[in-house]
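Chemist: This is the structure I want to talk about, given as structure tokens.
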Amino acid sequence: MPNPTDEPPADPPPDADAAVVEGDSPPSERVPLERDRIVDAALDLVEQLGPGNLTMRRLGHALGVEAMSLYRYVPGKEELLDSVVDRLIETMYADDDVLSTPRDGWQDFLQRMAHGVRRVAIAHPKSFPLVASRPPEAPWLRPPLRSLDWVESFVGGLRSEGFSREGTASAYRAFTSFLLGSLLLEVAARGADVGPLDVVEDTTAESSLADYPGVDDLRHLLAQDRAADEFELALEDLLDRIARIKVDTQDAEES
Numbered sequence: 007m008p009n010p011t012d013e014p015p016a017d018p019p020p021d022a023d024a025a026v027v028e029g030d031s032p033p034s035e036r037v038p039l040e041r042d043r044i045v046d047a048a049l050d051l052v053e054q055l056g057p058g059n060l061t062m063r064r065l066g067h068a069l070g071v072e073a074m075s076l077y078r079y080v081p082g083k084e085e086l087l088d089s090v091v092d093r094l095i096e097t098m099y100a101d102d103d104v105l106s107t108p109r110d111g112w113q114d115f116l117q118r119m120a121h122g123v124r125r126v127a128i129a130h131p132k133s134f135p136l137v138a139s140r141p142p143e144a145p146w147l148r149p150p151l152r153s154l155d156w157v158e159s160f161v162g163g164l165r166s167e168g169f170s171r172e173g174t175a176s177a178y179r180a181f182t183s184f185l186l187g188s189l190l191l192e193v194a195a196r197g198a199d200v201g202p203l204d205v206v207e208d209t210t211a212e213s214s215l216a217d218y219p220g221v222d223d224l225r226h227l228l229a230q231d232r233a234a235d236e237f238e239l240a241l242e243d244l245l246d247r248i249a250r251i252k253v254d255t256q257d258a259e260e261s
């Protein structure tokens, strides 16, 4: 059976070159385009087909233009994928629950930020792994807080709450490691392609577990989706760890 993602959908756009020869206007003049519209369409395609199946030809088809019309706005697929990541990060700015500065303490500030990133991952599970794989704005930035604007908010927020320089850096490393690991596992369970973390469909027959009574006994419990609860509990543990980091680094600076 052919893979539905191998070819674009039926009824591709007409041959633009032939149309021009016959006296029609060039495709770039025929269909209004702008970069935001192209990036939004690319994000939609990644969510439908996965990043590996995003091509300029498919994107052009989705927008009703020839692929050549897109290069005026995006030089190629690599920059397009970077733009998709930027769009994902930008969605946090539109999240009213995420704060750019602490309002009710640093724990509330980080709770809101963590859940904001998780909402981005849940809304765009197939695109979210790009946050980890695409080059960040600076080589020392860690995904998923890979935007200089958001890292500045993180750093400024914790410093305003009394964190030392070393404590802030340690909290940043712990926070980003927790978010990335937790959310990559969650989007993998939602069908995202995350390489070695890919979730393989369970095709194991019940009878094959006869030699593993412990696993067989807990199979249904192990298969439960507790991602939301596990995320919340792990986040609380992380905040407790960051609180200890704050105290320890303050004591070190004062001694």
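Using our numbering, you'd call the opening residue of the sequence shown number 7 and step up by one each time.
A virtual CB, placed ideally from N, CA and C, is assigned to each residue, including glycine.
Under the rule that 16 or more other beta-carbon atoms within 10 Å means buried, what is residue 226, buried or exposed?
Modeler: Exposed, since its Cβ has fewer than 16 Cβ neighbours within 10 Å.
Chemist: Have a look at residue 171 and residue 220 and give me their C-alpha separation to the nearest angstrom.
Modeler: Cα-Cα distance, rounded: 48 angstroms.
Chemist: Along the chain, where does the alpha helix (DSSP H) that runs through residue 125 open and close?
Modeler: From DSSP, the alpha helix (DSSP H) with residue 125 extends over 112-129.
Chemist: Since I believe residue 39 is in contact with residue 75 (beta carbons under 8 angstroms), could you give me their beta-carbon distance rounded to a whole number of angstroms?
Modeler: Correct: roughly 6 angstroms between the Cβ atoms.
Chemist: I'd like the ranges of any alpha helix (DSSP H) spanning at least 4 consecutive residues and lying wholly in the region 140-181.
Modeler: Listed in chain order, they are 154-166.
Chemist: Where does residue 259 land, buried or exposed, given buried means 16+ other C-beta within 10 angstroms?
Modeler: The residue is exposed, with fewer than 16 neighbouring Cβ atoms inside 10 Å.
Chemist: Determine the direct distance from the alpha carbon of residue 181 to that of residue 238, and round the result to whole angstroms.
Modeler: Going from the Cα of residue 238 to the Cα of residue 181 covers about 13 angstroms.
Chemist: My assumption, with CB atoms under 8 angstroms, is that residue 244 sits in contact with residue 117. Please give the rounded CB distance.
Modeler: With 8 angstroms as the limit, residue 244 and residue 117 do not qualify as a contact, their Cβ atoms being about 10 angstroms apart.
Chemist: Leaving out the 5 sequence neighbours to the left and right, which residues in its chain are closer than 8 angstroms to residue 107 when beta-carbon positions are compared?
Modeler: Excluding residues within five positions, the ones whose Cβ falls inside 8 angstroms are 115, 159, 162, 163, 166.
Chemist: Exposed or buried, what is residue 127 when buried is set at 16 or more other beta-carbons lying within 10 Å of its beta-carbon?
Modeler: So residue 127 counts as buried.
Chemist: Assign residue 97 to one of three DSSP states: helix, strand, or coil.
Modeler: Helix at residue 97.
Chemist: In three-state DSSP terms, what is residue 237?
Modeler: Residue 237: helix per DSSP, three-state reduction.
Chemist: Report the residue from 177, 256, 217 whose alpha carbon sits nearest the alpha carbon of residue 246.
Modeler: Looking at the Cα atoms, 177 is the closest of the given residues.
Chemist: Answer with buried or exposed for residue 153, where buried requires no fewer than 16 other C-beta atoms within 10 angstroms of its C-beta.
Modeler: Looking at its Cβ environment, which holds 16 or more other Cβ atoms inside 10 Å, residue 153 is buried.
Chemist: If you follow the alpha helix (DSSP H) that residue 76 is in, where does it begin and where does it stop?
Modeler: Unbroken run through residue 76: none, as it is neither H nor E.
Chemist: Do residue 135 and residue 200 count as a contact pair if the criterion is CB distance below 8 angstroms?
Modeler: Yes, Cβ-Cβ distance for residue 200 and residue 135 is below 8 angstroms.
Chemist: Could you tell me whether the Cβ atoms of residue 150 and residue 196 are closer together than 8 angstroms?
Modeler: No, the Cβ-Cβ distance between residue 150 and residue 196 is not below 8 angstroms.
Chemist: At which residues does the alpha helix (DSSP H) containing residue 109 begin and terminate?
Modeler: First-last for residue 109: undefined, no H or E at that position.
Chemist: Candidates 190, 173, 174: which alpha carbon is nearest residue 139's?
Modeler: The shortest Cα separation from residue 139 among 190, 173, 174 belongs to 190.
Chemist: Which residue marks the beginning of the alpha helix (DSSP H) containing residue 55, and which one marks its end?
Modeler: Note, residue 55: alpha helix (DSSP H), 41-55.
Chemist: Return helix, strand or coil for residue 82, following the three-state DSSP convention.
Modeler: Coil at residue 82, not helix or strand.
Chemist: With 16 as the cutoff for other CB atoms within 10 Å, does residue 52 come out buried or exposed?
Modeler: Residue 52 comes out buried.
Chemist: Measure the alpha-carbon distance for residue 61 versus residue 45 and round it to whole angstroms.
Modeler: Answer to the nearest angstrom: the Cα atoms are 13 angstroms apart.
Chemist: Just the Cα atoms here: how many angstroms apart are residue 43 and residue 81?
Modeler: Residue 43 and residue 81: Cα-Cα distance of roughly 15 angstroms.
Chemist: CB-CB under 6 angstroms to residue 101, same chain, minus the five flanking residues each way: which ones, in chain order?
Modeler: The residues are 122.
Chemist: Would you please state the rounded distance, in angstroms, between the beta carbons of residue 185 and residue 120? I believe it to be under 8 angstroms.
Modeler: Yes, residue 185 and residue 120 are in contact; Cβ-Cβ is about 6 angstroms, under 8 angstroms.
Chemist: Would a C-beta distance cut-off of 8 angstroms place residue 251 and residue 173 closer than the cut-off?
Modeler: Yes, these two residues count as a Cβ contact at 8 angstroms.
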